[in-house]
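Report on one structure; see the data block that follows.
Numbering (my numbering), first residue to last: -3 to 345.
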């Protein structure tokens, strides 16, 4: 059917003229018919709309997955810093207790005891700040997902290399949900243009009418049934605006599709490069952390033997802690970079 059906009704009498009792009533139904090719074109347009809506759902899921990935690795980053802060508090508290005992024994000055205690208190303050940031990240995760349990993220192997990188060689932009939405938008625009082309004029209508005539008083009523067809005449002025709008929609969809595919290819390339960079930085931070931690261990032994002053030990511990923090952050950064690379490929977690 080319459009919704319509009901018609009319009634006439001579009450205000001769009052001879003449009456006429007519009821009818106008039933629009399909134009040649119109039904097929509209069916294809509806199918394109359905397919596009399904693809849009998949793209929405991917975009939400990106938010979840960012929030999950945000918790991982804050958890790593909180754990390091806890370890730093324990280490400095042990040193403070040791310095206090040696001060009471007369081996160290009162200034050393105060410096050690001050460093332990500073570490406790940093610990509280790290726990507060972790709590904020967990609250954000709860708001986003509705799940109170923190996400489980596998540890990032330091020597894994470019295990995720080969996936970029097989990446086809057309399979990405965003690219699929753009392609189906183009297809829908083409189907709508086909509908405009198939609907060159208003559809013809099949008319069914029932009529009752009462000539006057004392005369029997006359009933009749009528069948007719109304065929509108199409003109260029009717279709030109519709065709222009459909062509404009198609041009916009084609441009959007091209820009989307270019953006997705660029995003995948940048994400892959970010993974390579993060892997190299992680190895550098690992070596730096190991060296400074070994140095701090040696200076700690020297301090306990009475060969190194306390300020030098505290500086060594601060440098080692900073290196450990950088290493932990870089581990999370590599995990996030790999997650973003998968996101750029359109892979759901």
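Here a beta-carbon is modelled for each residue, glycine too, at the ideal position from N, C-alpha and C.
Residue i, DSSP secondary structure in three states
i           : result
residue 9   : strand
residue 197 : coil
residue 56  : helix
residue 303 : coil
residue 237 : helix
residue 142 : coil
residue 27  : strand
residue 342 : coil
residue 149 : coil
residue 32  : coil
residue 331 : helix
Between the CA atoms of residue j and residue i - distance to the nearest angstrom
i           : j           : result
residue 126 : residue 282 : 22 Å
residue 147 : residue 77  : 17 Å
residue 20  : residue 181 : 54 Å
residue 189 : residue 243 : 7 Å
residue 178 : residue 259 : 12 Å
residue 268 : residue 320 : 26 Å
residue 7   : residue 228 : 26 Å
residue 57  : residue 141 : 13 Å
residue 334 : residue 341 : 11 Å
Within-8 Å CB hit, residue i to chain C
i         : result
residue 4 : Among the chains in the structure shown there is no chain C, since it carries only a single protein chain.
Residue i, buried or exposed, once every other Cβ within 10 Å from all chains shown has been counted against 16
i           : result
residue 300 : exposed
residue 42  : exposed
residue 331 : buried
residue 172 : buried
residue 5   : exposed
Integer Cβ distance of residue i from residue j, believed to fall under 8 Å
i           : j           : result
residue 226 : residue 203 : 6 Å
residue 253 : residue 40  : Not really, about 19 Å apart at Cβ, beyond 8 Å.
residue 239 : residue 192 : 5 Å
residue 317 : residue 80  : 7 Å
residue 1   : residue 31  : About 16 Å; that fails the 8 Å criterion.
residue 73  : residue 325 : 6 Å
According to DSSP, residues forming a beta bridge with residue i
i           : result
residue 210 : 19
residue 2   : 26
residue 220 : 207
residue 226 : 201
Distance cut-off 7 Å: residue i Cβ against heavy atoms of the ligand GDP
i           : result
residue 252 : The ligand content of the structure shown is nil, which means the ligand GDP is not present either.
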